[in-house]
Structure formats: C-alpha cells, structure tokens
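Chemist: Protein chains in written order, with UniProt numbering: chain A, 1 to 382; chain B, 1 to 159.
Backbone N, C-alpha and C define an ideal beta-carbon position, used for all residues, glycine too.
Handing you this structure, nothing more for now.
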C-alpha cells in the first residue's frame, strides 16, 4: 500500500480503517510539497474507494480540493502562512490550522498503529522461535508430534506419550502397506494368477495382520486407554470399535457372502466359527462389564472420608490394579481377532482366502474413505 | 456335591459353597488346627499345605475346574464362556499370597496328567483332569472348534 515515493515513510497496510487517505498524510508530510496534484488525485481516489475514511481525512480532502494549487506552497509542519495564504484572511487560516492539527493527529495515530503492529509481529516471531525450539527439543527426546492424528484435537496440547507416537507412526506405515497389498491382491485375482503366487500373497497378508496385533500389544502396555479410545483409527472405523479393534463376528458377516461358492463343509465351518467368535466376544464383553462394576465399587465407598487417608490410598491402589486389567482385555480381544482370521485361513482354499483378504482390505479402505468425506463435508460450525 | 476335604496338616481346609447359579465355588479358609498350635493368619499354606490331597481331588473329580484369583475379571470371562456353552464349571478362587504355592502344585498335577507342557497362569482351566491352559488357550481351542468335543468327552456337556 505504500506509495513508494522517495523519502516516504513506509506505511504497512493494515485491515483496519487506516484509510489510504491517512496513510498518504504520512507520506504527504515529506513529499506533499513536491507532488501536490498527485496527492490530491490519490486522496480523491481513496475517498471514493474507502468507505471507512475518518472524518479528518474527508475534511481535508474536501478542503484541499479547493486549495490544490496552493498546497505545494505550504510547509505542512509550520503553521506560518505563506504569502499566497495571506490573501485568504482569517477564515482559511482557521481551516488550515485545523487541517494541520488533524493531519498531525492522523499521522500520530498512524505511527502508533504501526508501532503496535510491529510489536505484535515481533512478539509472535519470538513465540514462534520458542515453539520451534521446544519442538526440536521434543523431537530429540523421541516424541513425535502431529502426523496421523486425523481429526483429533491433540495437536501440541496434552501429554504425547512416546509409545503412542511410535505406534501412530507404525500404524500409518501399516495402513500404507495394507493398501498396497490390497491393490496387489486385486490385480492378481483379476489377472488369474496361479495358486502358488496367490498363496504367497495370502501369507503376506496374514502375517501383515500379525504385525498389527504385535504393534498393538506394545502400544497397549504404553497407553491402553489410547488404544481403547480408537483415536488412532478414522471416525467411521471407530464407530465399529469393540475393545480396541474390529469385532470378529461382524467381520465374518462382511466376509462370508463374498466368498461364495463354498462347499457344504465350508458353510458349516464358517457358521460354527461365527458362533464361536460371537460366544467368545460375549464372554469378553461380560468380563468388561464386570471390570467396570468392580472398579466403580472400589471407588464408591466412604464419600465422607471417615475411614481415613490410608483406606483411600488403599482403594486407589486397588483401583489402579483393576485398570491394569484392561491391558489383558485388549490383548485377549486381539488374540481372538487373530485366531478368527487364522481359522478362516484354515477353512478356505488359497483362492478363496485371497479373495477374503481383498474383501477385508477393500472394506477398510472404503471405511477410511468415508471418514475422509465425512471430515471434509461442508457444515455449519457449532 | 463334594464334602469338605481337610488337608493332612489340618491347618487349612476347603469349605464349599454352592452358588445359586449352579457354579460350585470353593474358597480357602484359614482354620486353626485341631491338635496343634494355630498357624499364622496368612493363607500362604492354602495350596501346598496339605500336599497333593485337596487339589488333586478337585482336578480329578470335576469335569471342568477353573482356578483363578479372587475377584479376577479374566476368571469371570472364562466362567461366562463356559456357562454360555451350557457347562457348570467348578471354580476355585485363591488369595494372592497363596498363589505361588498353588501354581507349583497345579504344575505338578498338569505334568502328571501328561499333555502339552505349559506354564500355569491364572485363570487356569482343567478339563477332564488335564490342564487346557489360560484364557487365550481356551479361546484358541474354542475358535478352532475343539472345545465342545473336549467338554463332551469329559462329561461336562451332554448334547
């Protein structure tokens, strides 16, 4: 926004009502006497363009419109009248004085605003370099910030556990690899490759799921609540969450119709598997309910604190032990998932298993895509 | 229903209560011995005190026996799974300080019965006198479809 004239003070444009007219007053302080006409046209333009001009500016624009030819003769600083000015007697002198005062005032305000803005910039810069330092420091300590946090509001706030950070990174890689393998399976099935090649792909796929359960087990030791929250998954996947992951029986329901044709024997086996996993899931769910119940009981005795600090501490220690039991639940749930997948692998032929893995991989891809769409949907902010 | 079994040392004995849901619970109680000075109040003698007597009988006489820590939620999972299949398991609950001795005893029993060599972890499941294992082993056996046949073989299921 600066006019770029020699010797002009470089006024930074700001979104407030510091109108172009007042900006130009600062410049006009130095150069007004040299380019009077240009000044006026600029004032005139800004008067049209800028609807939020302050009255001082508009007054002066109006006033100057009359005196354009004489502007050059007036040293703006000094109120002393020039010889031409004398001809106008007292009335214009008043106006000139007023104009000069307003001019000074506007320029002063402009300077103050500029100063405030620059100060703000500098403090922001300082804060930014502090944050950068903290980030560097944290990175050196092995804490990973940002990355696949999806739509979680974690960001830089809260305690970012290094185990969690490591898991997020590994899980990110896991998903990428999963997508790659799914694509490979799709291509292989479409190209009708041999069973031997399919078998290799299927075995990679199965061991890839083993990898997932392995990294989850490590993460569970680090922060079981994080794992159980499902925040490492996308929103749509989270909707289906059961004890920190997918529900095996649900997965089988997705899978079975896509695997036809199956032999009689296979149909029975799949049906039995579905029933067994459902029973195991129910048992685990009931165990979780029991855990909730006993934890609540541990915490809801003696609200008046009559039993004393030692009892309170004892209760807390007890409750802590119970919470640690959650790690077992996640591990058992993952174990169930793994067993279910492996049993399917036993029931199916190689080709069917390849198809099965493709169906699963594709299903999860779609869920993730759905989550992206959902997150990006246009909606009124709350 | 089984009768209460006094151990050789007479220091501890098992009292049995039948819960209303049909699950037979056994808890370890500390009682002073009849003929000697009372032992310390800790129940550390519970498992090993009487030698093989108590536990061996429990394992042998119940088609399904679950041994677990008192108040353990994993033990609850095992119970619910078995109940869901139509089995009435006998449950033996042990206090924390009696665990170590009990583990040793159970390991002996498991070894004597043959089968897969494995570490005794709680909850421990015995079917037909043999140690099946912990919860994950039980799950694996169930998912592979082998649990119901084993239960039938042991006489725990009749369908």
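1) Can you find a CB in chain B that lies within less than 8 Å of the CB of residue 317/A?
2) Within the chosen definition, does the region 142-151 of chain B reach the region 272-280 of chain A through at least 3 CB pairs nearer than 8 Å?
3) Would you give the residue range spanned by the beta strand (DSSP E) that residue 336/A belongs to?
4) Which chain B residues sit within Cβ distance under 8 Å of residue 294/A?
5) What number of angstroms, rounded off, separates the C-alpha of residue 385/A from the C-alpha of residue 71/B?
6) Can you tell me which of the three DSSP states residue 374/A falls into?
7) Measuring CB to CB, does residue 87/B end up less than 8 Å from residue 156/B?
8) Take residue 152/B and list the residues in its own chain whose beta-carbon comes closer than 6 Å to its own, dropping the five residues that flank it on each side.
9) CA-CA distance, residue 269/A and residue 347/A?
10) Report the rounded CA-to-CA distance for residue 342/A versus residue 362/A, giving the unit in angstroms.
11) Starting from the Cα of residue 284/A, find the closest Cα among 321/A, 242/A, 322/A and 299/A and give me that residue.
12) Span of the alpha helix (DSSP H) holding residue 225/A?
13) Any beta carbon of chain A sitting closer than 8 Å to that of residue 140/B?
14) Specify the secondary structure class of residue 84/B as computed by DSSP and reduced to three states.
15) Between residue 290/A and chain B, is there a C-beta pair that is closer than 8 Å?
16) Any beta-carbon of chain A closer than 8 Å to the one on residue 77/B?
17) Helix or strand or just coil, what does DSSP make of residue 127/B?
18) Using the three-state DSSP reduction, which class does residue 70/B fall into: helix, strand or coil?
19) For residue 254/A and residue 137/A, what's the separation of their Cα atoms in angstroms?
20) Over what stretch of residues does the beta strand (DSSP E) that includes residue 93/B continue unbroken?
21) Take residue 117/B as the anchor and find which of 137/B, 91/B and 93/B has the nearest alpha-carbon.
22) How many Å lie between residue 100/B and residue 306/A at the Cα?
23) Give a yes or no on whether 8 Å exceeds the smallest Cβ distance from residue 84/B to chain A.
24) Determine the extent of the alpha helix (DSSP H) in which residue 192/A is found, giving its start and end residues.
25) Using CA atoms only, rank isn't needed, just tell me which of 304/A, 300/A and 328/A is closest to residue 316/A.
26) Quick check: the Cα distance between residue 187/A and residue 351/A, rounded to an integer number of angstroms?
27) Counting only the same chain and skipping the five closest in sequence on each side, list residues whose C-beta sits under 7 Å from that of residue 388/A.
28) Assuming residue 258/A contacts residue 355/A (C-beta within less than 8 Å), just tell me the rounded distance between them.
29) Would you please verify whether the beta carbon of residue 81/B is less than 8 Å from any beta carbon of chain A?
30) If residue 134/B and residue 59/B are in contact, beta carbons under 8 Å, what's the gap, nearest whole angstrom?
31) Let's see if you can read the secondary structure: which residues bound the alpha helix (DSSP H) around residue 112/B?
32) Strictly below 9 Å CB to CB, what residues from chain A border residue 145/B?
33) Secondary structure at residue 120/B, three-state DSSP: helix, strand or coil?
34) Thinking just about the alpha-carbon of each residue, which of 173/A, 203/A, 172/A and 165/A is nearest to the one in residue 397/A?
35) Using only CA atoms, which one of 79/B, 85/B, 105/B and 75/B lies nearest to residue 149/B?
Modeler: Taking the definition as stated:
1) No, because no Cβ of chain B sits closer than 8 Å to the Cβ of residue 317/A.
2) In this structure the region 142-151 of chain B touches the region 272-280 of chain A; the number of beta carbon pairs closer than 8 Å is three or more.
3) First-last for residue 336/A: 309-347, but that is the alpha helix (DSSP H), not the beta strand (DSSP E).
4) Listed by position along chain B, the residues whose Cβ is nearer than 8 Å to that of residue 294/A are 71 and 73.
5) The first residue shown for chain A is 1 and the last is 382, placing residue 385/A beyond what the model contains.
6) Three-state result, residue 374/A: helix.
7) A contact, by the Cβ cut-off of 8 Å.
8) Shown here for residue 152/B: not one same chain residue has a beta carbon closer than 6 Å to its own, the five before and five after excluded.
9) C-alpha of residue 269/A to C-alpha of residue 347/A: approximately 7 Å in a straight line.
10) Approximately 19 Å between the Cα atoms of the pair.
11) Ranking 321/A, 242/A, 322/A and 299/A by Cα distance to residue 284/A puts 242/A first.
12) Looking at the DSSP string, the run of the alpha helix (DSSP H) that includes residue 225/A is 224-229.
13) For residue 140/B, the answer is yes, since a Cβ of chain A falls inside 8 Å of its Cβ.
14) Reduced to three states, the DSSP call for residue 84/B is helix.
15) For residue 290/A, a Cβ of chain B is located within less than 8 Å of the residue's own Cβ.
16) Closer than 8 Å: yes.
17) Of the three classes helix, strand and coil, the one that applies to residue 127/B here is strand, per DSSP.
18) In the three-state reduction of the DSSP assignment, residue 70/B falls in the coil class, being assigned neither a helical nor a strand state.
19) Going by the C-alpha atoms only, they are around 46 Å apart.
20) It spans 90-94 - the beta strand (DSSP E) in which residue 93/B sits, taken as one unbroken run.
21) Scanning 137/B, 91/B and 93/B for the CA closest to the CA of residue 117/B turns up 137/B.
22) Residue 306/A has its alpha-carbon roughly 35 Å from the corresponding atom of residue 100/B.
23) So yes, residue 84/B belongs to the interface.
24) For residue 192/A, there is no enclosing alpha helix (DSSP H), as DSSP gives it neither H nor E.
25) Here the closest residue by C-alpha is 300/A.
26) For residue 187/A and residue 351/A, the distance between alpha carbons rounds to 13 Å.
27) Residue 388/A cannot be examined here, being either before or after the span of chain A that is shown, 1 to 382.
28) The beta-carbon distance between residue 258/A and residue 355/A, rounded to whole angstroms, is 7 Å. This is short enough to meet the 8 Å contact definition.
29) It does: the Cβ of residue 81/B has a partner Cβ on chain A nearer than 8 Å.
30) 16 Å between Cβ atoms; not a contact.
31) Per DSSP, residue 112/B belongs to the alpha helix (DSSP H) from 99-113.
32) Neighbours of residue 145/B on chain A, chain order: 269, 272, 273, 276 and 343.
33) Look at residue 120/B here: in three-state DSSP terms it is coil, with no helix or strand label.
34) Given a span of 1 to 382 for chain A in the structure shown, any question on residue 397/A remains unanswerable.
35) Answer by Cα proximity: 85/B.
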